[in-house]
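Before any comments, here is the structure.
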Amino acid sequence: MPLVPNEESGIKVLYEDNHVLAVAKPVNVPTQEDASGDPDLLTLLKQDLKIRHQKPGNVFLGLIHRLDRPVGGAMIFAKTSKAASRLSEAVRSRSFRKLYAAVVHGSPRGQSGRLEHYLLKDPRTNTVQTVKPGTPGAKQALLEYRVVGEKNGLSLILVELHTGRPHQIRVQMQSIGCPLYGDQKYGAQVNRPGQQLALWSLLAGAPHPVSKEPLLFRSLPPRQFPWSEWPEAVYEEAH
57 MPLVPNEESG IKVLYEDNHV LAVAKPVNVP TQEDASGDPD LLTLLKQDLK IRHQKPGNVF
117 LGLIHRLDRP VGGAMIFAKT SKAASRLSEA VRSRSFRKLY AAVVHGSPRG QSGRLEHYLL
177 KDPRTNTVQT VKPGTPGAKQ ALLEYRVVGE KNGLSLILVE LHTGRPHQIR VQMQSIGCPL
237 YGDQKYGAQV NRPGQQLALW SLLAGAPHPV SKEPLLFRSL PPRQFPWSEW PEAVYEEAH
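Next comes the structure, spelled out in structure tokens:
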């Protein structure tokens, strides 16, 4: 029996029309098929659309942006090729909004800031490192952050992504001495095996691909540690 989006499966539909599908990705589900062979979000959503809309043959669903496997929260998919093209252009032009919540060890120097690094991915190890500008293969990574809470050596930060590089938030925050809670790959020295990575896609938004009306979808992190260290209103009012 295929897993379909509903409250029981953990895949919550945030919005749907003829052009756009927005959902809350569960943690530890791959965004798309990978070497693990585990059920992935893109395939599960296609299965659901096929069943609900009684569609014969293959169902189109465009993947516009990705979340790392351990990351949950708001994602936007395109239900038509035209919508996929226009939403992808929104990503390229940086009119596609991505706001994340993250819990980090320690506290950044300022209560807000802008980080720019050049990142290089090693596909053999699936790891990313910061390198000097001009390094062959390196890509510019930009983000802005603000601290919205501090407790017991942890900080809750909101991160606005301006580029979408692999592992970007994790690597950039680690590079300033604030690795994410639960990050075994970039913060093994301060995290324990089994801890869940504390990174959540809080808001995802873009102009509607047809009407051009602004779309903005919110997904709240689960009420468990370390997210539960701060009131739910902090996440509900983030913008």
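So the sequence shown is numbered by this note's numbering: it starts at 57 and just counts up by one. Where is the CB? At the ideal position from N, CA and C, for every residue including glycine. Note that this is a predicted model, so its numbers are computed, not measured.
Bridge partners of Pro270 according to DSSP: Pro263.
In its chain, beyond the 5 residues on either side, His75, Ala139, Arg142, Leu143 have a beta carbon closer than 6 Å to the beta carbon of Pro265.
Collapsing the DSSP output to three states places Lys106 in a helix.
DSSP places Val147 in the uninterrupted alpha helix (DSSP H) bounded by 137-148. In this structure, DSSP gives Leu97 a helical state, which the three-state scheme calls helix. The C-beta distance from Tyr156 to Trp256 rounds to 6 Å, short enough to meet the 8 Å contact threshold.
Counting along the chain, Ile225 sits inside the alpha helix (DSSP H) bounded by residues 224-231. In the three-state scheme derived from DSSP, where H, G and I count as helix and E and B as strand, Val187 is classed as strand. For Ala289, the number of other beta carbons within 10 angstroms of its own is below 16, and it is reported as exposed.
Distance from the Cα of Arg125 is smallest, within the candidate group Leu272, Ser275, Pro95, for Pro95. Take Glu285, set aside five residues on each side of it, and the residues of its chain with a beta-carbon closer than 6 Å to its own are Lys207, in chain order. With fewer than three CB-CB distances shorter than 8 Å, the region 200-215 does not count as touching the region 110-127.
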